[in-house]
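A.B. asks: Below you'll find the structure I mean.
In the working numbering, the protein residues as written are 5 to 97.
Spelled out as structure tokens, the structure:
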């Protein structure tokens, strides 16, 4: 598989995780344990939550490896934050 198809596959996987986040965002905003914090979505599930995006990304990558994840803050109207896999970036350099 060349880098082009790998990049496309990665982008599509992150987009799937984003869609799953958007479906549950309104419910998460109602929960004090998530509201105002960053959550990480992997395989359609919340796999981490933290006040700090960088700490959360590091913890998720340490636990699951360098996989496509979606990280965003649980708040209505906030901009989305996508965290690319360091593994993908490393291969592009």
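We put the CB at the ideal spot given by N, CA and C, even for glycine.
(1) Below 8 Å, how does it come out for the stretch 34 to 43 and the stretch 9 to 17: are there three or more Cβ pairs, yes or no?
(2) Taking 7 Å as the limit between beta carbons, can you name the residues of its chain near residue 17, skipping five residues before and five after?
(3) Take the Cβ of residue 76 as the centre, count every other Cβ of all protein chains shown within 10 Å, and call the residue buried at 16 or more, exposed below.
(4) Nearest-angstrom Cα distance between residue 79 and residue 24?
(5) In angstroms, rounded to a whole number, what distance separates the CA positions of residue 51 and residue 65?
(6) Would DSSP call residue 41 helix, strand or coil?
(7) What are the start and end residues of the alpha helix (DSSP H) that includes residue 64?
(8) Here's the rule: buried if 16 or more other CB atoms are within 10 angstroms of the residue's CB, otherwise exposed. What is residue 21?
C.D. replies: Let me spell this out:
(1) no
(2) 72
(3) buried
(4) 15 Å
(5) 10 Å
(6) coil
(7) 57 to 68
(8) buried
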